[in-house]
Every structure is written in structure tokens, then in C-alpha cells.
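Here's the structure we're looking at; comments come further down.
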Amino acid sequence: MTPKIVTIPPKKLIGFSIEMSLLDNKTYSIFSQLMPRLKEITNAKSADIFCIQVYDADYFTNFTPETLFTKWAAVEVKDFENIPNGFEKLELTGEKYAVFLYKGTSEMFSETAQYIYGEWLPNSGFQLDNRPHFEIMGDNYLGHENPESEEEIWIPIK
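All residue numbers for the sequence shown refer to full-length UniProt numbering, where the first residue is 1 and numbers rise by one.
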């Protein structure tokens, strides 16, 4: 599994966020909030859905399954004008990312995460950067339980 290394421009996103841990996973909750309201977003840049994780600077050094972080379900927009009521704004600064293509169910993801953080990153010549991590679920995303489902995993690097 070899990533593409890309530098992206800043991105504007709108959606919903929630504080959670891996042990107290609330991902379903925020996606249940976003998905029925997608039609209200009139300035989306694409139909892609973003799943974003915002970690504190010491998240990975002091990690436990109970360690809290902020999870987002969001859509990239052209600008922050005409934001539907109740939506939150998030800006990504851009910069450099390692982009992995993942195929499988959400249950199978832990093996891929172990490879990315335990094997690829330490041997890559890059360091993890303290910026949001995210996944993009595009046209080939078939749902979290479908083994043929594909998504991009974006890891911030420097």
C-alpha cells in the first residue's frame, strides 16, 4: 500500500462535529445528522463526504482508547456564504498529505491504520503533522459494511 504524496490548497468545509473517543465512537451520530441535510447545501464543491478527525498535539503520544478527539462529518464548499442553519464551519489549511486508497469495511480498517502508523510512517522519511486527518468518501464509497467500498485516507505529514 503506497500512498500518493500531495500538497493541497486550503479547504472550506461545513458539517457537524462531536467529541468522542475510539471506545465511545459517535461517528454514526454525526453522519446521521449530516446525510439527511445534504440537499440544503447549495454551494458544495462536489458530492464527496469528508470524515475528519482533529486531534490534540499529544494525542498519539498519550493515546488510549479513551483519549478524546473531535470527529466531523462534512462537505467541502466554495465559500461560507449561505450556510444552512445549524451547520458548523471548518477550514483546513492545506499543506502536505499522504493519501492512501482503502478498500474494505470499517471493521477491517484497524489493520490498515496499524500499517500506516506502525510501518509506513516510521519508514517513510516523513513525520506526522499536527493537522486534521480525514477520509474522503466519493463515488466508490459503498457504505461502511461493504467490503468493496473504497475511500481515501489523508494523513498530514511534514
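Even glycine gets a Cβ: it sits at the ideal position worked out from N, Cα and C.
Item	Value
Span separating the alpha-carbon of Lys26 from that of Ser32	10 Å
Inter-residue spacing [alpha-carbon to alpha-carbon] between Leu90 and Arg131	12 Å
Ile5 classed as buried or exposed, judged by whether at least 16 other C-beta atoms fall within 10 angstroms	exposed
C-beta contact flag for Glu76 and Leu13 at 7 Å	yes
Tyr115 versus Trp154 - alpha carbon distance	14 Å
Where Gln53 sits in the DSSP three-state scheme	strand
Chain C contact for His133 (CB, 7 Å cutoff)	No chain C is part of this structure, which consists of one protein chain only.
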